[in-house]
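To keep things clear, I will list the structure first and then write my remarks on it.
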Amino acid sequence: MRKASMYAALALLAAVSVVPFLWMLATSFKHGQDIYTKVPNLLPLDRKTGEWAATLGNYDYVLNVGGLGGAFVNSVWVCAVLVPAKLLIDALAAYAFARIPFPGRDRLFVIMLGGMMVPAITLLVPRIHVTQSLGMFDTGWGLIVPNIASVLDIFLMRQFFLSLPAELEEAALIDGAGRMRIFWTIVLPLSKPVLAVVTITSFLYHWNDLVWPLLVTNDPELYTLPLALQQLVASPDGGRAYYIMAGATLAVLPVIGVLLVFQRRILQGIAFTGLKG
7 MRKASMYAAL ALLAAVSVVP FLWMLATSFK HGQDIYTKVP NLLPLDRKTG EWAATLGNYD
67 YVLNVGGLGG AFVNSVWVCA VLVPAKLLID ALAAYAFARI PFPGRDRLFV IMLGGMMVPA
127 ITLLVPRIHV TQSLGMFDTG WGLIVPNIAS VLDIFLMRQF FLSLPAELEE AALIDGAGRM
187 RIFWTIVLPL SKPVLAVVTI TSFLYHWNDL VWPLLVTNDP ELYTLPLALQ QLVASPDGGR
247 AYYIMAGATL AVLPVIGVLL VFQRRILQGI AFTGLKG
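What follows is the structure, encoded as structure tokens:
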């Protein structure tokens with residue numbers, strides 16, 4: 007009885023979480039006159055006849071007129087370049103902090119962690135100044151390079167690397183392997199759980215990031231999906247509910263797909279990460 011009550015509560019919470027998404031999806035296929043009805047209707051039905059009246063016109067508008075088609079491509083390009091590069095740099099830094107002894111290593115790591123205590127919004131002005139000084143303002147690289155490293159990701163991977171048996175590296179060093187070979191052939195293959203977590207969370211963060219693209223891009227051709235969606239909402243015609251829901255569906259579906267495919271990896275990586283300090 008207790009287990010049945012728990013399952014019922016979980017099912018209720020799941021329904022509460024899913025219904026807004028289903029409502030967004032259904033609204034994205036509705037005509038304007040079919041949205042506001044006296045009796046709420048989840049399905050895209052004609053308000054007068056009650057017949058099926060779904061339309062793809064809303065998606066055609068947001069992709070072609072609203073500019074979300076190009077923004078979708080920009081978001082894919084940014085994530086395809088940024089996430090692998092960020093993963094590599096963070097993994098190298100984490101390996102150095104975890105396994106390579108050098109003077110001041112622990113102090114430098116503490117100082118780096120201290121930077122996490124600074125609110126991110128206070129760093130926006132210096133980041134923009136550096137981006138302008140490097141000539142990357144209002145360019146595609148300005149969306150990528152300033153975000154190419156993350157202290158949090160370095161911390162997570164360092165904690166995982168510390169949990170790996172040191173005997174594996176010692177044996178490889180005795181056999182004459184260098185640090186980079188050990189990193190590529192031993193450490194990375196054993197670190198798939200934490201690498202999956204960092205990859206997925208980085209993708210989700212940068213796919214949904216609005217603030218940084220808003221600050222460093224003026225050219226509409228460089229807009230990413232969240233920024234283009236904001237512009238769509240602010241426009242006189244695009245601000246209609248059915249257009250907004252179509253754009254939001256385009257932005258959310260890739261995220262949901264990634265979570266559904268890799269949810270087991272996420273849970274596994276979180277369970278293994280940070281067990282050893």
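Residues in the sequence shown are numbered consecutively from 7, following our numbering.
Idealized CB from N, CA, C, for every residue including glycine.
- Judged by beta-carbon spacing, Pro-226 lies beyond the 8 angstroms limit of Gly-56, meaning their Cβ atoms are not closer than that value.
- Residue pairing by DSSP places Leu-51 opposite Trp-58 in a beta bridge.
- CA-to-CA, the gap between Phe-103 and Val-25 works out to about 45 angstroms.
- Taking the CA atoms as reference points, Leu-238 sits about 11 angstroms from Leu-69.
- Boundaries of the alpha helix (DSSP H) around Met-12: 8 to 33.
- Taking one beta carbon from each stretch, the stretch 211 to 230 and the stretch 137 to 150 have 3 or more pairs nearer than 8 angstroms; the two touch.
- Assigned with DSSP and collapsed to three states, Pro-152 falls in helix.
- DSSP places Glu-227 in no alpha helix (DSSP H); its state is neither H nor E.
- Taking 8 angstroms as the cut-off, the beta carbon of Lys-92 is found closer than this to the beta carbon of Ile-154.
- For Ile-117, the enclosing alpha helix (DSSP H) has its first and last residue at 111 to 120.
- With respect to the C-alpha of Phe-268, the residue from Val-45, Pro-232, Val-204 having the closest C-alpha is Val-204.
- The stretch 171 to 187 makes no contact with the stretch 143 to 152: fewer than 3 CB pairs, one atom from each, lie closer than 8 angstroms.
- Under the Cβ criterion (8 angstroms, minimum of three pairs), the stretch 245 to 258 counts as touching the stretch 18 to 38.
- The shortest CA-to-CA distance from Ala-178 to any of Val-193, Arg-133, Met-123 is the one to Val-193.
- Distance from the CA atom of Arg-246 to the CA atom of Leu-114, rounded to whole angstroms, is 51 angstroms.
- For Tyr-101, same chain residues with a beta-carbon under 7 angstroms away, outside a window of 5 residues either side, are Phe-167, Phe-189, Val-193 in chain order.
- With distances taken between CA atoms, Val-89 lies nearest to Asp-159 out of Asp-159, Leu-170, Ser-11, Val-217.
- Here Val-261 is near Trp-213, since their CB atoms are less than 8 angstroms apart.
- In its chain, beyond the 5 residues on either side, Ala-252 have a beta carbon closer than 6 angstroms to the beta carbon of Tyr-65.
- In this structure, the straight-line span from the alpha carbon of Met-122 to that of Val-84 is close to 24 angstroms.
- The continuous stretches of alpha helix (DSSP H) do not include His-37, and DSSP gives it neither H nor E.
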